[in-house]
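Numbering (my numbering), first residue to last: 733 to 1077. We put the CB at the ideal spot given by N, CA and C, even for glycine. Note that this is a predicted model, so its numbers are computed, not measured. One structure below.
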């Protein structure tokens, strides 16, 4: 399966202060590196590629990015928010609302070969954001285990009850790429020279940035689920449905979601919304979230969310935030070295 991984990292100086990412982008001169949605954000992307090639590409780009940053007396930071910082992270290039803090995320873009089923599966995997949550703080204040997803929820909402996140039953029901951003997934279609649909890409938008080894693991686990979806039998609730349809059953049994060699069972959309709320607020410490993700094919014990490691304070000063940024810049550099030397995910 061909997937492109796109990930943001903050750029800081040797004191942990946020600085512009522009010099790193300009000096590196690589098409895979670009300026992110805030002045201090660097975005790195891989080409669409199968797993081994994608992994090598990300490692190569990160080695180059870290070397360039070091030459400029800068470092890269794998936190979803800067924890507490000044104006550089509040100035968004992609938003007319500068009052919203920018954030660093990871995006999986998938060349879909079973668009409807894979869309629904990605929707059911939304609680997996807890696996790589990397900041519980916004402007110093503790808001949720995943502060970035909390901000998304505050801005767009995660509907519940009758307006719960809904599975789709036909290709025509999928939102277009210019639909206002209230889905955790985006749909992109490319057309050939005749204007006919040539390929479809699904973009999973919710994961935080994190250490690259963790993001590679997440991408691999999601890929396994989507490959199984493409060749397997998909149902929602307790009632099997035709392969090209996924409609809700009539049960709220939270234990039904699972991925096996025989089938993919997706819980009711209302349950996904409830699990997503809990994943945002509590993370993997919520037993229901961890158990659900295990059933959906994730080796939860192999994930070590940064947010859970740095949580525990109601407020983080700017000085302490600088120290955290430097600490995790060091962890990122160590992670990249380990990967470049053939370390496992």
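Taking each of 788, 786, 774 and 817 in turn and checking the Cα distance to residue 798, the smallest one comes out for 774.
Around the beta carbon of residue 878, a 10 Å sphere encloses 16 or more other beta carbons of the protein chains shown; the residue is thus reported as buried. Contact annotation: the region 761-780 does not touch the region 1020-1039, with fewer than three C-beta pairs closer than 8 Å. Residue state for residue 741 is assigned as strand, using DSSP reduced to three classes. Short of 6 Å from the beta carbon of residue 838, and not among the five residues preceding or following it, lie these beta carbons of its own chain, in chain order: 739, 939, 941 and 947.
When rounded, the separation of the alpha-carbon atoms in residue 795 and residue 1021 is 34 Å. Apart from sequence neighbours up to five positions away, the residues of its chain that approach residue 1043 with a beta-carbon distance below 6 Å are 868, ordered along the chain. Distance from the CA atom of residue 1072 to the CA atom of residue 785, rounded to whole angstroms, is 14 Å. Contact annotation: residue 842 and residue 776 have beta-carbon atoms that are not nearer than 8 Å. Residue 841 sits in a strand when the DSSP states are folded into three classes. In chain order, 743, 744, 745, 751 and 756 place their CB closer than 7 Å to the CB of residue 806, counting only its own chain and leaving out the 5 sequence neighbours on each side. Just measuring C-alpha positions, the residue of 996, 765 and 847 sitting nearest residue 905 is 847.
In the structure shown, the three-state DSSP call for residue 997 is strand. Beta bridge pairing from DSSP links residue 774 with 741 and 767. Spanning the alpha carbons of residue 919 and residue 907 requires a straight line of approximately 7 Å. Using a Cβ distance threshold of 8 Å, residue 863 and residue 950 count as a contacting pair. Residue 934 and residue 861 do not touch by the CB rule: their CB atoms are close to 16 Å apart, not below 8 Å. With distances taken between CA atoms, residue 886 lies nearest to 1013 out of 1013, 1054 and 754. Taking a 10 Å sphere around the C-beta of residue 1067, we find 16 or more other C-beta atoms and assign the residue as buried. Counting of Cβ neighbours within 10 angstroms places residue 995 among the exposed residues, the total staying below 16.
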